[in-house]
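The next block holds one structure in the form of structure tokens; read it before the comments.
Residue numbers (the working numbering): 1 to 129.
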């Protein structure tokens, strides 16, 4: 793989910041994953290349081996970058039907700003250093 895969998150979201901070130290050493914000210049360029129906600024994106994944598909595939004892949960979560996964994802997405306040400082870009 020439280029690292990318996880794009909302930099103004407290939940997204917490997720990135929790994921980063649990990454499998051999995995290439960059963390970007949707609002960054690079993040915007990646999102602009996606099909119009997938260009929602208020969601999580995962670009894995050049393939874009959004919403629950992106969130669940993040397990594949983690150490084996997290990764083993992937098939169990993946068998949940996509409409149900996206329904739960949408509920969390709509309420995340109420539950998790906006961070004072976005930590997502600093995780790539």
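Note that beta-carbon positions come from the ideal geometry of N, C-alpha and C, so glycine has one too. Being a predicted model, the structure only gives us computed values, none of them experimental.
| query | result |
| --- | --- |
| The alpha helix (DSSP H) that contains residue 58, what's its start and end? | Per DSSP, residue 58 belongs to no alpha helix (DSSP H) and is neither H nor E. |
| Under 7 angstroms Cβ to Cβ from residue 155, same chain only, skipping five residues before and after it: list those, please. | Outside the modelled stretch of the chain, which goes from 1 to 129, sits residue 155, for which no answer is possible. |
| How about residue 70 and residue 54: do their beta carbons lie closer than 9 angstroms? | yes |
| What three-state label does DSSP hand residue 110 in the structure shown? | helix |
| Below 7 angstroms CB to CB, which residues in the same chain sit around residue 2 once its five sequence neighbours on both sides are set aside? | Any reading at residue 2 is ruled out, since the residue's pLDDT is 44, under 50, leaving its predicted position unreliable. |
| Quick check on the burial criterion: 16 or more other C-beta atoms within 10 angstroms. Buried or exposed for residue 104? | exposed |
| Should residue 17 be labelled buried (16 or more other beta-carbon atoms within 10 Å of its own) or exposed? | buried |
| Can you tell me whether residue 124 is buried or exposed? The criterion is at least 16 other CB atoms within 10 Å of its CB, across all chains shown. | buried |
| Assuming residue 41 is part of the alpha helix (DSSP H), what are its boundary residues? | 41-48 |
| What's the gap between the Cα of residue 50 and the Cα of residue 43? | 11 angstroms |
| Along the chain, where does the beta strand (DSSP E) containing residue 35 start, and where does it finish? | 33-37 |
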